[in-house]
Ligand SMILES: [Zn+2]
């Protein structure tokens, strides 16, 4: 089964635009009636719902921001009465204050469909055994992957994240064929499976990984360690959760399900809409969500949209893997730097031999930014030869300079000195605040 | 003459140096000779111990980056021309010495010499032909 729903997934561009226009007008009208924040912003712009006649008018609409979720916490942005909300998800975010989103029964069905479309396209069927090692709970990962697999009638192992040895034993004993988790956790599972010597006993063939940035090199490495094909899934809880955009078997960008969401890329400084194909901040508008609709929500993810035909036959636009976040973007000596660029360099330099555990340390000395990159040494990487290690250090330094356009000081540090949890690593230490 | 040496990556010399020594001592592994090669950025600690395999294992378990490398170990004291004699023989045979270090036993005053070369087997053969002998580790850290 290549498509879950070929009518929607392969709809012609014109049909898709017409469907989007119809749904957008409805969504705008509903949000204007029920969401005070949106109504106020429309009024400020002198806009009435009737002024929006289709997707061509999308650019007129006001943006919405992560901050809105904090300002209207907990239920201020919900567009249905609480009796119609059947699920809440929440995340704490880095600034500490929680955000919460809600779903109606229809919203949950739509979510399950989005994830199931991806899985079906990759060849997941009712015969498959899907191990969901995303965290279950307020985080959207576990339930999102779960609902997609269940929709297909696959056998779900809702193991959640953590307890790595048990994860691997379960994979082996239960014969898991599909694994869903964060890419860093997939990498960790692969390393542990290798260490436990059970790689040959794994039956995995498909991996669905998301919820954090990862590189093409990391994909190859995970594929090799776990013996599967790895695919990227994208989503934010503010917009839906994982499944807003999904890779197909081509592994060449993630299809945004355009019958449910409109994607735009904008210049993050001016808010101006960019032509499809140009790199900018990704902005989403939901078309069918009931409990928590979003209109022109600024994701802060940096990517580009690909409108070319995909060999898989789906007509929905693809987004490239985000190359960074507007808020991850570091401005060092006036140059924009994304941590993901550093990760790419490290993997390339080490020839995929080491897990690139690294940390960026920024400081300000005599009015100038200092930029240090600590890279963990590993046994595969170490040699008895001083010159070989110096050459490695120099190679990393030179590659960073040519990729980023500014110089960094590279330090090889002892292993396991940079904190790496099973979730996300602290990649940036910025000590510059308050220093002129 | 070919001996296993432990090579250890050091980022922060003093702290790590102590950790290495402590770990070996705790596991009753004797250090017979050591040398530290360092640059401004990092160092490589090279150790000759009485149980190299076990040494590698216990250090690796402590999260220390360590590798077993082959080196030549000779007795410098009794050898013709001492330490310099060995170097001269290798130089004349066109064998490139990457590094060397010597170590003197506290009690006996005997010296051993550790040499790293590119072509280990050839170098060993040449040194034997010139009368150099196995290092005698008696009295070195045991
Ligand atoms: Zn495709």
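Chains as they are written, first to last, in my numbering: chain A, 4 to 439; chain B, 2 to 143. C-beta atoms are modelled at their ideal positions from N, C-alpha and C, and glycine is treated no differently. Since we're looking at a predicted model, the values are computed, not measured.
**Prompt:** Starting from residue 401(A) and walking both ways along the alpha helix (DSSP H), at which residues does that stretch end?
**Reply:** From DSSP, the alpha helix (DSSP H) with residue 401(A) extends over 389–407.
**Prompt:** How do the stretch 137–151 of chain A and the stretch 183–195 of chain A stand: do at least 3 beta-carbon pairs fall below 8 angstroms, yes or no?
**Reply:** Three or more pairs of CB atoms, one per stretch, sit closer than 8 angstroms, so the stretch 137–151 of chain A contacts the stretch 183–195 of chain A.
**Item:** From 259(A), 39(A), 131(A), 26(A), residue whose alpha carbon lies closest to that of residue 78(A)
**Value:** Of the listed residues, the one whose Cα sits closest to residue 78(A) is 39(A).
**Asked** What residues come near ligand 1, if near means a beta carbon less than 6 angstroms from any of its heavy atoms?
**Response** So the residues near ligand 1 by this Cβ test are 251(A), 253(A), 258(A), 313(A), 315(A), 317(A).
**Asked** What residues in the stretch 18–45 of chain B have a beta carbon less than 8 angstroms from any beta carbon of chain A?
**Response** Look at the stretch 18–45 of chain B: the residues with a C-beta under 8 angstroms from a C-beta of chain A are 38, 40, 42, 43, 45.
**Item:** Buried or exposed by the 16-neighbour rule on C-beta atoms within 10 Å, applied to residue 48(A)
**Value:** Answer is exposed; the Cβ neighbour count stays below 16.
**Asked** Should residue 130(A) go down as buried or exposed, given a rule of 16 or more other Cβ atoms within 10 Å for buried?
**Response** Result: exposed.
**Item:** Interfacial residues, the stretch 45–76 of chain B to chain A, with Cβ spacing under 8 angstroms
**Value:** So the close ones are 45, 47, 61, 64, 65, 66, 67, 68, 70.
**Prompt:** What are the boundary residues of the alpha helix (DSSP H) that includes residue 61(B)?
**Reply:** Per DSSP, residue 61(B) belongs to the alpha helix (DSSP H) from 53–62.
**Request:** Using three-state DSSP, classify residue 71(B) as helix, strand or coil.
**Result:** Strand at residue 71(B).
**Request:** Put residue 266(A) into one of helix, strand or coil per three-state DSSP.
**Result:** In this structure, residue 266(A) counts as strand in the three-state DSSP scheme.
**Message:** Out of 93(B), 96(B), 115(B), 111(B), which one is the CA nearest neighbour of residue 145(B)?
**Reply:** The structure shown does not extend to residue 145(B), since chain B is modelled only from 2 to 143, so the question has no answer here.
**Message:** So, at 6 angstroms on beta carbons, what are the nonlocal neighbours of residue 1(B) in its own chain, with the 5 sequence-adjacent residues on each side left out?
**Reply:** Nothing can be reported for residue 1(B), as the shown portion of chain B is limited to 2 through 143.
**Message:** Looking only at its chain, what residues have a beta carbon closer than 7 angstroms to the beta carbon of residue 272(A), apart from the 5 residues adjacent to it on each side?
**Reply:** Excluding residues up to 5 positions away in sequence, nothing lies with its Cβ nearer than 7 angstroms to the Cβ of residue 272(A) in the same chain.
**Message:** For residue 82(A), which residues in the same chain have their Cβ closer than 8 angstroms to its Cβ, ignoring the five residues on either side in sequence?
**Reply:** Counting only Cβ-Cβ distances below 8 angstroms, and skipping sequence neighbours, we find 33, 34, 37, 38, 293, 294, 295, 296.
**Request:** Evaluate the contact criterion for the stretch 115–122 of chain A versus the stretch 332–340 of chain A: three or more CB pairs, one atom per stretch, below 8 angstroms.
**Result:** Short answer: they don't touch.
**Prompt:** What residues of chain A sit near residue 119(B), judged by a beta carbon separation below 9 angstroms?
**Reply:** For a Cβ distance threshold of 9 angstroms, nothing in chain A lies close to residue 119(B): the least Cβ distance comes to about 11 angstroms.
**Message:** With a threshold of 6 angstroms on Cβ separation, who are the neighbours of residue 288(A) within its own chain once the five nearest residues in sequence on each side are excluded?
**Reply:** Around residue 288(A): 265, 298, 299.
**Item:** Span separating the alpha-carbon of residue 363(A) from that of residue 340(A)
**Value:** Answer to the nearest angstrom: the Cα atoms are 11 angstroms apart.
**Request:** Kindly indicate which three-state DSSP category residue 366(A) falls into: helix, strand or coil?
**Result:** Strand, per DSSP.
**Message:** Checking 7 angstroms against the spacing of the C-beta atoms, do residue 51(B) and residue 31(B) come in under that value?
**Reply:** Using a Cβ distance threshold of 7 angstroms, residue 51(B) and residue 31(B) count as a contacting pair.
**Asked** What are the boundary residues of the alpha helix (DSSP H) that includes residue 251(A)?
**Response** For residue 251(A), no alpha helix (DSSP H) run applies, since DSSP gives it neither H nor E.
**Asked** Taking all protein chains shown into account, do 16 or more other C-beta atoms lie within 10 angstroms of the C-beta of residue 149(A), making it buried, or fewer, making it exposed?
**Response** Counting Cβ neighbours within 10 Å, residue 149(A) comes out buried, since at least 16 surround it.
**Request:** Just the chain A side, please: which residues come within less than 9 angstroms of residue 125(B) by C-beta, in chain order?
**Result:** Contact of residue 125(B) with chain A by beta-carbon distance below 9 angstroms is absent, the smallest such distance being about 18 angstroms.
**Item:** Straight-line Cα distance separating residue 223(A) from residue 126(B)
**Value:** Approximately 45 angstroms, taken between the alpha carbons.
**Item:** Chain-ordered residues of the stretch 5–16 of chain B with a beta carbon less than 7 angstroms from chain A
**Value:** Flagged, chain order: 8, 10, 12.
**Item:** Helix, strand or coil at residue 288(A) [DSSP, three-state]
**Value:** Here residue 288(A) sits in strand by DSSP.
**Prompt:** How do the stretch 250–259 of chain A and the stretch 153–171 of chain A stand: do at least 3 beta-carbon pairs fall below 8 angstroms, yes or no?
**Reply:** Touching, no.
**Prompt:** Do residue 72(A) and residue 102(A) have their CB atoms nearer than 7 angstroms?
**Reply:** When the beta-carbon positions are compared, residue 72(A) and residue 102(A) come within less than 7 angstroms of each other.
**Item:** Beta-carbon separation (whole angstroms), residue 18(B) vs residue 7(B), contact threshold 8 angstroms
**Value:** Contact doesn't hold; Cβ gap of about 13 angstroms is too wide.
**Asked** Tell me which same chain residues have a C-beta within less than 7 angstroms of the C-beta of residue 377(A), skipping the five on either side of it?
**Response** Only 361, 362, 364, 414, 416, 421 meet the Cβ criterion.
**Message:** So for residue 315(A), helix, strand or coil by DSSP?
**Reply:** In this structure, residue 315(A) counts as coil in the three-state DSSP scheme.
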